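Remarks on the structure that follows.
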Amino acid sequence: MVTFDFSLRFSFGKKKKRRAETPTTGQFLSSAHDIVSDLSATVSKSTLINYNTALRSLMAFCHDNGRNAPMTADTMAAYQQWLAQKGIRRNSSSCYIRSLRSIYRRAFPGIGNPFSNVFTGNEKTRKRALSAALMAQFAANAPLPASPLRLWYDVFLFSFLGLGIPFADLARLSPDNIVGDSIIYCRRKTSQRITVPLLPEMREIILRYESTAPSGLLFPILSSADSGWQEYHNCLTRYNRALHRLSASAGLPEDITSYVARHTWASLASVSGVSLHHISQALGHNNIKTTEIYLARIPDTEMRRDSIAVANTVADAMCR
């Protein structure tokens, strides 16, 4: 009887699975730039901006700490601590980390989890709003008409007086949005149709830029009505930088941003006795509470009354 021993052949045939090596931060960055370039045609412009911002931030971290550190949980924890030391807020830091995680999973699928010990959530932040006195203080410190800051000062006031019009919508307002004594527009974020009472102060601001605004726009913010995302994003950055200077010159205790006008209107409207339902409609919210779906639409005459009431709280504070 002839027997065969297959043990040697089987042991010889088994290949030991090679463990994938953890990439260094330098190797990750090299791969990441190629991946982001490939994704540029398939992801939104805002996502692309987030990816590139996060990569630039990690490159700066590597400049300070070297490019040979492995992409491990400890390295990413050190990176997040470095961001905090640079004054980057927790939610912004989380946005960077989430962007890097998304890229890493594409570049090195299944190789480690360097983002296991870092914050990637969204922390609730205090919605900053100015009191009537501080809003009056801001309004009383108008830059000279020839100042490059005057446009941004007027835009902030217009946003506040206009029921907190978001900058994304305000920058794209056209003469066609003026219907009688109202501004009617669809909010880009929620597609809600908003009717804004056109107060006399708002008309004055519009007339101030009538000769300099591009065709089809109320304000000389964007270069044209067809301007894309990148130009809008650049304008928003300039706006917030200008507001930083304006808040300092007005002696405000904190910096203000584009959304402070919106939060301030809502806050002062509430203090003035405007109902929550009216405020919700004015801000263009469509998901505040399920019960609000059943509410009747508030008449424009009542919305005009509410708008004047809020504007008067600031006017009264300025007269004190």
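Residues 1076 to 1395 (our numbering) are what the sequence shown spells out, left to right.
Ideal Cβ positions, reconstructed from N, Cα and C, are used throughout, including at glycine.
All of these numbers come straight from a predicted model, not from anything done at the bench.
6 Å Cβ shell around residue i - same chain, five flanking residues per side excluded
i, result
"residue 1192", "1148, 1152"
"residue 1388", "1207, 1343, 1347"
"residue 1205", "1339"
Reduced DSSP category for residue i - H, G, I as helix; E, B as strand; rest coil
i, result
"residue 1448", "Given a span of 1076 to 1395 for the chain in the structure shown, any question on residue 1448 remains unanswerable."
"residue 1284", "coil"
"residue 1064", "Because the chain here runs from 1076 to 1395, residue 1064 falls outside it and cannot be looked at."
"residue 1250", "helix"
"residue 1385", "helix"
"residue 1339", "helix"
"residue 1124", "helix"
"residue 1234", "helix"
"residue 1184", "coil"
"residue 1366", "Since pLDDT at residue 1366 reaches only 24, below the 50 mark, its modelled position is unreliable, and the value read off the structure follows with that caveat. Note: residue 1366 maps to helix in three-state DSSP."
"residue 1346", "helix"
"residue 1257", "strand"
"residue 1098", "coil"
"residue 1164", "coil"
Cut-off 8 Å between Cβ atoms - residues of its own chain near residue i, not counting five sequence neighbours on either side
i, result
"residue 1300", "1247, 1249, 1289, 1290, 1291, 1292"
Residue i classed as buried or exposed, judged by whether at least 16 other C-beta atoms fall within 10 angstroms
i, result
"residue 1137", "buried"
"residue 1353", "buried"
"residue 1117", "exposed"
"residue 1282", "exposed"
Integer Cβ distance of residue i from residue j, believed to fall under 8 Å
i, j, result
"residue 1226", "residue 1295", "7 Å"
"residue 1314", "residue 1233", "Going by Cβ atoms, the distance from residue 1314 to residue 1233 rounds to 12 Å, so no, they are not a contact pair."
Through-space distance from residue j to residue i, alpha-carbon basis
i, j, result
"residue 1413", "residue 1168", "An answer regarding residue 1413 cannot be provided, because it is not within the stretch 1076 to 1395 covered by the chain."
"residue 1324", "residue 1182", "47 Å"
"residue 1269", "residue 1345", "19 Å"
"residue 1217", "residue 1320", "12 Å"
"residue 1203", "residue 1339", "8 Å"
"residue 1129", "residue 1297", "26 Å"
"residue 1379", "residue 1310", "30 Å"
"residue 1393", "residue 1214", "8 Å"
"residue 1335", "residue 1240", "11 Å"
Close beta carbons around residue i, own chain, < 7 Å, minus the five adjacent residues each side
i, result
"residue 1125", "1170, 1174"
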